[in-house]
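Working notes, beginning with the structure itself.
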Amino acid sequence: MQDPLAGASTLRDIIRPQFHQVNLSAENFIKNTIGLKLDKDDQICRLALTPAGCPLGPLHCPLRHTNPSPQNFQPPKQQSLHPRERERLATVCKHWLRGLCKKGDACEFLHEYNLRRMPECWWYAKFGYCQAGDECLYAHPKERKTECPDYKRGFCKLGPYCPRKHVRRVACQNYLTGFCPLGPECSRGHPKPELPVQKDYEPPSPPSPKDLGPPPPGRRPHRKATKVALLVDQGEISMTFYVSSAVRKDITQTIVEIGTSQGFAAAWSGEDMAGTKTKF
Numbered sequence: 001m002q003d004p005l006a007g008a009s010t011l012r013d014i015i016r017p018q019f020h021q022v023n024l025s026a027e028n029f030i031k032n033t034i035g036l037k038l039d040k041d042d043q044i045c046r047l048a049l050t051p052a053g054c055p056l057g058p059l060h061c062p063l064r065h066t067n068p069s070p071q072n073f074q075p076p077k078q079q080s081l082h083p084r085e086r087e088r089l090a091t092v093c094k095h096w097l098r099g100l101c102k103k104g105d106a107c108e109f110l111h112e113y114n115l116r117r118m119p120e121c122w123w124y125a126k127f128g129y130c131q132a133g134d135e136c137l138y139a140h141p142k143e144r145k146t147e148c149p150d151y152k153r154g155f156c157k158l159g160p161y162c163p164r165k166h167v168r169r170v171a172c173q174n175y176l177t178g179f180c181p182l183g184p185e186c187s188r189g190h191p192k193p194e195l196p197v198q199k200d201y202e203p204p205s206p207p208s209p210k211d212l213g214p215p216p217p218g219r220r221p222h223r224k225a226t227k228v229a230l231l232v233d234q235g236e237i238s239m240t241f242y243v244s245s246a247v248r249k250d251i252t253q254t255i256v257e258i259g260t261s262q263g264f265a266a267a268w269s270g271e272d273m274a275g276t277k278t279k280f
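FYI, the UniProt record's numbering numbers position 96 of the sequence shown as 96, with every residue one higher than the one before it.
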């Protein structure tokens, strides 16, 4: 006896419905009235839109037999020739990853989960390393990893646990002999006996913050505020303002110089927001 569900029939549509082929009235309203694009161009069967129709039919065709939106099958936008713009078109939207992108299909970034096109990690770009390691969802480009100055000099005590990049180079025989005509452009190693300076350990300058992934939650910049008071011999005149710890010494010294030039016996004192006295 032949199985009634083997071929294309109305009974099969009822028992084993293909939900992706159903055209809901709500979908037509969203597509035609609101003007939203619900399906991608490669998800819609183009043959079903022709007068001949799709030879596989809606039951056997893997693509959707649905009415497209006016936003579907539009000519591609002219791509910018600027390399920065092309880089954005190949980067996943960091707001879309958190469900916060409001641009939809008009967004210039990708709305798809692709590990190869993730935005750059905020921690990795700023500090040269990331605490999440390989489990981080954002990109860790190798060109931003700082080369280890100790390993470049000959030995790194951290070994494989070093967060910096260990580039293995063959020693240049010309340099070991006394002189290399290629200089810093030589691909081989030029070991130097001098100790590395602090600048060699710093990561490269990070890119623009708008191109990075979101910073860690709860992170706020730490700033020490300072209250400066100007004392004169006729009385006490206090001026309260808040500055960062990097410039508070220069500001207070300027206040003293101004008071001295005006003939006042000026003095100054600093007090941070926590209430502890600070000496300059």
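Backbone N, C-alpha and C fix where the C-beta goes; we use that ideal spot for every residue, glycine too.
Predicted, not measured: the structure shown is a model, and the values here were computed from it.
Residue from the options with nearest C-alpha to residue i
| i | options | result |
| --- | --- | --- |
| Leu176 | His166, Val167, Pro193, Cys162 | Pro193 |
| Asp134 | Phe127, Gly35, Leu38, Cys121 | Cys121 |
| Phe127 | Leu137, Glu147, Glu108 | Glu147 |
| Asn72 | Asp39, His65, Cys45 | Asp39 |
| Phe29 | Gly53, Pro196, Pro68 | Pro68 |
| Cys61 | Gln43, Cys136, Asn174, Arg188 | Gln43 |
| Asn32 | Ser187, Tyr161, Tyr138, Pro70 | Pro70 |
| Pro75 | Gly99, Ala48, Ala52, Asp41 | Asp41 |
| Pro196 | Arg188, Leu158, Pro149 | Pro149 |
| Gly189 | Gly183, Trp96, Tyr124, Arg169 | Arg169 |
Terminal residues of the alpha helix (DSSP H) in which residue i lies
| i | result |
| --- | --- |
| Lys126 | 122-127 |
| Phe179 | Here Phe179 belongs to no alpha helix (DSSP H), and DSSP marks it neither H nor E. |
| Lys94 | 94-97 |
| Pro68 | Per DSSP, Pro68 belongs to no alpha helix (DSSP H) and is neither H nor E. |
| Tyr138 | Premise fails: Tyr138 is in no alpha helix (DSSP H) and is neither H nor E. |
| Ala26 | 25-29 |
| Pro51 | Careful: Pro51 lies outside any alpha helix (DSSP H) and carries neither H nor E. |
| Pro149 | 149-153 |
DSSP state of residue i mapped onto helix, strand, coil
| i | result |
| --- | --- |
| Ala171 | strand |
| Arg117 | helix |
| Cys45 | coil |
| His132 | The identity of residue 132 in the sequence shown is Ala, whereas the question assumes His. Residue state, collapsed to three classes: coil. |
| Gly189 | strand |
| Leu195 | coil |
| Leu59 | helix |
| Cys107 | coil |
Local Cβ density within 10 Å of residue i, reported as buried at 16 or more and exposed below that
| i | result |
| --- | --- |
| Glu185 | exposed |
| Pro58 | buried |
| Arg64 | buried |
| Arg164 | buried |
| Val167 | exposed |
| Tyr151 | buried |
| Ile34 | exposed |
| Ala90 | exposed |
| Val92 | buried |
| Tyr113 | exposed |
| Phe109 | buried |
| Tyr161 | exposed |
| Pro55 | exposed |
| Ala171 | exposed |
Inter-residue CB distance, residue i and residue j (contact presumed, cutoff 8 angstroms)
| i | j | result |
| --- | --- | --- |
| Lys102 | Pro119 | Not a contact, Cβ separation roughly 17 angstroms. |
| His140 | Cys130 | 6 angstroms |
| Thr50 | Asn23 | That pair is no contact at about 17 angstroms. |
| Pro181 | Arg153 | Rounded, the Cβ-Cβ distance is 23 angstroms, inconsistent with contact. |
| Lys37 | Asp105 | 5 angstroms |
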